[in-house]
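Under the numbering used here, the first residue of the sequence shown carries the number 1, and numbering increases by one thereafter. Structure first, then comments.
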Amino acid sequence: MRRLTDKETQGLKLQRGDTADQHYPAAARRDAVDGIVLVDLLLNIEGQVLEAQVIAESPPGFGFGLAALDTAKTFEFINPFRSQVLLSKEVAFLP
């Protein structure tokens, strides 16, 4: 397994998955609070997410981290590397 560079990550094509809006925390939406979460994703050979972990969450305390994990676990990428890869991806919640 290897970690992809930013340039390699930008080249990955998201094939399917939920939008962040589908998992937007209700209280944050009600209060018009936006959030950004950085997650690490472990992809299998087929491009499905095997594991996801929150690296950074802003602002904390609104549930954006959990919502980003719920979103990220639905992602499926076209994985041209034909091996397990680790990458970082930003999930943005904008009201």
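Cβ atoms here follow ideal geometry from the backbone N, Cα and C, with glycine treated the same way.
Put glycine 101 into one of helix, strand or coil per three-state DSSP.
No statement about residue 101 is possible, as the shown extent of the chain runs from 1 to 95 and does not include it.
Less than 8 Å between C-beta atoms, sequence neighbours within five positions excluded: which residues of the same chain meet that for serine 83?
Here residue 83 refers to the residue found at position 83 of the sequence shown. Here the set comprises Met1, Arg2 and Ile45.
Taking three-plus beta-carbon pairs below 8 Å as touching, is the stretch 64 to 72 in contact with the stretch 7 to 15?
no
Which listed residue (Pro95, Leu86, Phe93 and Ala52) has its alpha carbon closest to that of leucine 12
Taking the sequence shown and counting its residues from 1, one reaches residue 12 at position 12. Ranking the options by Cα distance to leucine 12, first place goes to Leu86.
Phenylalanine 64 and proline 25 - do their beta-carbons sit closer together than 9 Å?
Locating residue 25 in the sequence shown gives position 25, where the first residue counts as 1. Locating residue 64 in the sequence shown gives position 64, where the first residue counts as 1. Between proline 25 and phenylalanine 64, the gap from beta carbon to beta carbon is short of 9 Å.
As a quick exercise: from Ile36, Arg30 and Ala32, pick the residue whose alpha carbon is nearest that of glutamate 90.
As a working mapping, residue 90 is identified with position 90 in the sequence shown. The candidate whose alpha carbon is nearest that of glutamate 90 is Ile36.
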